[in-house]
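For reference, the structure is listed below as structure tokens.
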Amino acid sequence: MASRPLNVGLIGLGTVGSQVADRMLSWGPQLSRRAGVELCLKRVLVRDLAKRRPIEISPGLLTTDASQILDDPTVEVLIEVAGGDEPMRSYIEQAIQSGKHVITANKVVMAKHGPELLDQAAEKNVDVYFEAAVGGGIPLISAFRTDLQANRIERVSAVINGTTNYVLGRMASTGQQEAGYAEADPTDDIGGFDATYKLAILASIAYEIKVRPGEIYREGIDGIEPVDFRYARELGYAIKLIAHTQRHPGRVEARVHPAMIPLDHPLARVEGAENAVFVEGDLVGQVLLVGQGAGGRPTASAVVGEPALVQLRRPHRSDSDRRGENACLLPHPGRRPGGRAGRDRAGLRRGRRQHLELHTEGRVVARPHGRARGDDASVP
Ligand SMILES: NC(=O)c1ccc[n+]([C@@H]2O[C@H](COP(=O)([O-])OP(=O)(O)OC[C@H]3O[C@@H](n4cnc5c(N)ncnc54)[C@H](OP(=O)(O)O)[C@@H]3O)[C@@H](O)[C@H]2O)c1
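Per my numbering, the very first residue in the sequence shown carries number 178; after that it's consecutive.
As structure tokens, then:
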């Protein structure tokens with residue numbers, strides 16, 4: 178195991194952040210052994226220091242001053258799980274500019290500013306990981322970037338917003354308009370915005386072009402009425418909010434809207450907070466990825482898995498190169514010195530400037546980033 182710990186600054190200690198912190202603090206030895214480095218949660222940025230937290234955390238770890246993470250040169254990784262556009266976009270940009278790797282669950286920032294941030298990260302030779310921004314705990318982004326990378330992606334169809342799925346499921350089973358939703362509350366979920374953010378991210382990765390949320394056709398579920406479910410069922414269909422993108426010669430189609438899905442189709446059977454993503458590649462054919470698309474613990478699963486990738490990217494330097502980095506503020510319960518080296522470290526090699534490849538037990542895991550080929554309109 179590397180002797181120099183990997184210092185992490187965390188922004189956000191809410192639904193997701195508290196689970197991220199909890200897993201890092203309570204499962205430190207296991208995570209560190211798998212990552213091949215001691216993971217050290219050095220500072221946590223919140224808005225309200227006095228707020229009761231669902232986990233036990235040392236008050237000395239908390240701060241309301243972003244510079245304590247962003248300007249700390251010993252923090253090599255920023256985990257952002259606060260959400261919203263600003264100031265999070267600026268924080269992420271600042272972290273990249275000061276040479277920190279970034280892990281984020283922020284679909285708004287990644288859908289709106291992802292291409293620019295990835296370009297900046299490529300210039301600074303750092304990475305931005307955003308597995309948790311789409312599909313919660315389902316390993317989607319990594320599937321596109323690793324296991325499916327030999328494929329030309331033809332289409333992606335997904336049920337990717339748990340709230341609308343829950344609301345539609347309740348309407349189907351009770352035959353009544355859902356309270357709260359009946360007021361046509363134009364929230365991100367009901368209006369389909371959340372799904373367009375996620376589809377923009379997925380389509381950008383699938384086709385290696387920039388797909389902006391504003392370019393996606395969007396229709397929410399506010400026009401659906403209970404009677405629609407009765408007619409749909411009589412005809413053998415369920416109603417789901419579908420996010421769909423498809424390759425056509427020279428262009429891609431991307432749309433989010435309610436759709437009638439045959440009852441025997443796997444997407445028709447996705448319930449509640451579950452998400453499901455159908456991917457069709459020219460080599461692999463159809464692949465279905467299903468799992469918990471939201472919730473603190475599933476999302477933390479996607480976030481906390483990423484520091485291992487950061488570790489693989491770190492240059493090897495002796496402890497004396499960067500004095501003070503070993504000062505992990507919190508002792509990890511049951512921390513053991515030493516331990517076996519991370520098995521994933523064998524075979525590390527860098528490809529082109531924006532690419533890092535790592536060979537793990539026969540699989541090639543690549544994290545390409547930076548601007549994709551082609552311009553906004555053309556599809557490679
Ligand atoms: N919840 C999910 O199921 C889920 C699933 C996938 C992705 N995500 C994404 O994960 C991110 C976090 O979601 P969440 O549900 O955990 O949110 P949340 O429960 O509302 O927590 C947000 C946290 O960020 C902190 N925060 C917000 N603005 C801040 C600011 N300007 N400066 C410092 N701290 C700030 C809050 O501090 P205080 O606690 O002091 O107020 C809070 O701890 C979002 O991008 C979301 O889209 C969430």
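By construction, the Cβ of each residue, glycine as well, lies at the ideal position given by its N, Cα and C atoms.
Of all Cβ atoms in chain B, is any one closer than 7 Å to the Cβ of valine 480?
Protein chains in the displayed structure number just one, and chain B is not present.
Measuring only from the beta carbon, is valine 481 closer than 6 Å to any heavy atom that is part of ligand 1?
no
Shorter than 6 Å, the distance from the beta carbon of valine 258 to the closest heavy atom of ligand 1, or not?
yes
Should glutamate 257 be labelled buried (16 or more other beta-carbon atoms within 10 Å of its own) or exposed?
buried
Helix, strand or coil for arginine 529? Go by DSSP, reduced to three states.
For arginine 529, the predicted structure reports a pLDDT of 27, less than 50, and the residue's modelled location is therefore unreliable. The matter cannot be settled from this model.
Would you say serine 319 and glutamate 308 are within 7 Å of each other, going by their C-beta atoms?
yes
beta-carbon valine 454 near ligand 1 non-hydrogen atom, thresh 6 Å
no
Note down, in chain order, each residue of its chain lying with its Cβ closer than 7 Å to the Cβ of lysine 289, except the 5 sequence neighbours on either side.
Asp262 and Pro390
Starting from leucine 255, follow the beta strand (DSSP E) in both directions and report where the run begins and ends.
254-257
Alanine 282 CB to nearest heavy atom of ligand 1 below 6 Å:
yes
Between arginine 220 and ligand 1, is there a pair consisting of the residue's CB and a ligand heavy atom that are separated by less than 6 Å?
no
Which residues mark the beginning and the end of the alpha helix (DSSP H) in which methionine 487 is found?
Note that residue 487 is valine in the sequence shown, not methionine. Here the alpha helix (DSSP H) through valine 487 covers 484-490.
To which residues of the same chain is valine 447 closer than 8 Å at the C-beta, ignoring the five residues directly before and after it?
Val336, Asn342, Lys417, Ala453 and Val467
Could you tell me whether any non-hydrogen atom of ligand 1 is closer than 6 Å to the CB of alanine 320?
no
Does the segment 224-236 come close enough to the segment 193-212 to have 3 or more Cβ pairs within less than 8 Å?
yes
At which residues does the beta strand (DSSP E) containing isoleucine 416 begin and terminate?
414-425
Decide if the segment 237-254 is in contact with the segment 429-440; the criterion is three or more beta carbon pairs, one per stretch, under 8 Å apart.
no
Where the alpha helix (DSSP H) containing threonine 281 begins and where it ends:
Premise fails: threonine 281 lies in the beta strand (DSSP E), 278-281, not in any alpha helix (DSSP H).
Would you report the Cα separation of aspartate 324 and serine 267, rounded to the nearest angstrom?
32 Å
Could you compute how far the alpha carbon of valine 556 sits from the alpha carbon of glutamate 430?
Only weak support is given to the placement of valine 556: the predicted model assigns it a pLDDT of 44, under 50, and the value that follows is read from those uncertain coordinates. Looking at the two C-alpha atoms, the distance is approximately 11 Å.
Quick one: using the 10 Å Cβ neighbour count with 16 as the cut-off for buried, is leucine 226 buried or exposed?
exposed
Per DSSP, leucine 226 is paired with what?
DSSP lists no partner for leucine 226.
On the premise that arginine 474 lies in contact with glutamine 196, defined as a C-beta separation below 8 Å, what is that separation, rounded to the nearest angstrom?
5 Å
Is it buried or exposed, glutamate 451, if we count other Cβ atoms within 10 angstroms and call 16 or more buried?
buried
In this structure, does DSSP put proline 545 in helix, strand or coil?
Because the pLDDT at proline 545 is just 29, under 50, the model does not fix this residue reliably, and the point stays unresolved.
Examine ligand 1 and report whether any of its heavy atoms sits within less than 6 Å of the Cβ of threonine 351.
no
Confirm the yes/no value for this check: CB of threonine 251, any heavy atom of ligand 1, distance under 6 Å.
no
Look up isoleucine 315 in the DSSP assignment and say whether it is helix, strand or coil.
coil
Please state whether DSSP places lysine 301 in a helix, a strand or coil.
helix
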